[in-house]
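First up is the structure itself, then whatever we jot down about it.
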Ligand SMILES: Cc1ncc(COP(=O)(O)O)c(C=O)c1O
């Protein structure tokens, strides 16, 4: 157990200190965690490139990157679009209070969270389907919809998890380049649909470009296209927009549209490690997806209670948004000062073109204890940097200045 992990633990001490009579023994167990000690936690089969269940693996991460770097206590962990300002205190408190009853299966908590989400989104409970993050639902869609000979239409670049799994099943991945302003090209995507297309995947805001589509345009696209094929709208980053309720396509579900809207607690809610996500869609689509998930058994009671306690906790969400914006403004200034451009971001990550090979760049940044990602498209190398705490952005700036 190194100093860094001890410090981390103390920083997160509000969770533990005095919260429970058995906090001492719990602390010992937490301290033994490889996550905090910086030792590689995993090297097992799940971390290998070939494992279809890992979103990281589907994006080409190697075993070393997932198993080692992902758990080392980096100075700046800016490669996975997590929210280091979360989860909220209400979520942490709920976890501690739920621990003593976590011998219970999670059905009731599932029902409670489903009804909270359904009430807020003004849909029926039968339209909401929970899982341990949105990744299992992307996987379920890939398994439920695709077989050899079919195709999936996506933007390029966009989030690769669902189409890369469809491709593994034998489907064709039809990649449509983005517009000049790095948005999904809806007109071109519509033209790319053919008789073998079974699903169109829309990531809005888009990962990795952090751009958002015009809501009216996307809505009319979905109205037309969903008459022919299912439209999967991944709204993982929608909570970062100024008006998520005015942007989400969830209300279209009430019109009976053939769309699947995916949401996650992993981003602004800060639940990436707790694991909770859901789709809002038609009951017959849920029936199809549920064949390929362990829905009612897959989320822990502690996570569900944490989600119930912090769902729409505006005080926490607004504070996290404010800190994210401050860190993002700082990053913009650093990039401008070093003579770099960037794609203006509607999310908790920023994409910008780099002046060296992407792999070499991320390796050099990693040597300086800063984790970021790279992409290659439009004949350029790009860095995607997640927005972290200010100390992480400063660590990024220090390392970046040495390389630029
Ligand atoms: C666009 C998008 N969708 C889905 C996910 C998966 O999120 P989770 O499985 O944590 O809900 C991610 C993760 O980064 C993402 O960027």
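Residue numbers (our numbering): 1 to 404.
From the three backbone atoms N, C-alpha and C, an ideal C-beta is built for every residue, glycine too.
If we count the other Cβ atoms within 10 Å of its Cβ and call it buried at 16 or more, is residue i buried or exposed?
i: residue 373; result: buried
i: residue 120; result: exposed
i: residue 258; result: buried
i: residue 305; result: buried
i: residue 189; result: buried
i: residue 197; result: buried
Rounding to the nearest angstrom, what Cα-Cα distance links residue i and residue j in this structure?
i: residue 129; j: residue 299; result: 12 angstroms
i: residue 323; j: residue 302; result: 27 angstroms
i: residue 395; j: residue 123; result: 44 angstroms
i: residue 219; j: residue 369; result: 42 angstroms
i: residue 349; j: residue 210; result: 7 angstroms
i: residue 308; j: residue 279; result: 16 angstroms
i: residue 184; j: residue 285; result: 25 angstroms
i: residue 314; j: residue 83; result: 15 angstroms
i: residue 272; j: residue 191; result: 35 angstroms
i: residue 375; j: residue 100; result: 45 angstroms
i: residue 380; j: residue 358; result: 9 angstroms
i: residue 382; j: residue 158; result: 13 angstroms
i: residue 270; j: residue 384; result: 19 angstroms
i: residue 134; j: residue 110; result: 15 angstroms
i: residue 178; j: residue 118; result: 33 angstroms
i: residue 377; j: residue 343; result: 14 angstroms
i: residue 356; j: residue 98; result: 49 angstroms
i: residue 89; j: residue 112; result: 20 angstroms
i: residue 265; j: residue 227; result: 30 angstroms
i: residue 137; j: residue 287; result: 12 angstroms
Which residues in the same chain have their Cβ closer than 7 angstroms to the Cβ of residue i, if we skip the five residues on either side of it in sequence?
i: residue 235; result: 204, 248, 261, 262, 263
i: residue 142; result: 162, 165, 166, 169
i: residue 24; result: Interpretation of residue 24 is limited by its pLDDT of 34, a score under 50 that renders its predicted location unreliable; the figure taken from the coordinates is listed afterwards. Excluding positions up to five away in sequence, the list is empty.
i: residue 175; result: 154, 156
i: residue 291; result: 144
i: residue 114; result: 125, 128, 130
i: residue 388; result: 76, 77, 78, 84, 327
For residue i, collect the residues of the same chain with a Cβ closer than 8 angstroms to its Cβ; drop the 5 residues on either side in sequence, then sort them by chain order.
i: residue 339; result: 404
i: residue 148; result: 169, 170, 171
Beta-carbon within less than 6 angstroms of residue i's beta-carbon, same chain only, minus the 5 sequence neighbours each way: which residues are those?
i: residue 172; result: 151
i: residue 397; result: 334
i: residue 79; result: 371, 372, 373
i: residue 85; result: 320, 323
i: residue 127; result: 253, 280
i: residue 140; result: 289, 292, 293
i: residue 91; result: 306, 309, 310
Beta carbon of residue i, beta carbon of residue j: below 8 angstroms?
i: residue 332; j: residue 390; result: no
i: residue 267; j: residue 237; result: yes
i: residue 87; j: residue 327; result: no
i: residue 489; j: residue 276; result: Outside the modelled stretch of the chain, which goes from 1 to 404, sits residue 489, for which no answer is possible.
i: residue 199; j: residue 225; result: no
i: residue 76; j: residue 364; result: no
i: residue 353; j: residue 362; result: no
i: residue 233; j: residue 202; result: yes
Note to self: Threshold first: 3 residues or longer. Then list the beta strand (DSSP E) segments lying entirely within the region 301 to 355, N to C.
What the structure shows: 349 to 354
Which residue spans inside the region 136 to 201 form an unbroken alpha helix (DSSP H) run of at least 4? You should have 161 to 169, 186 to 192.
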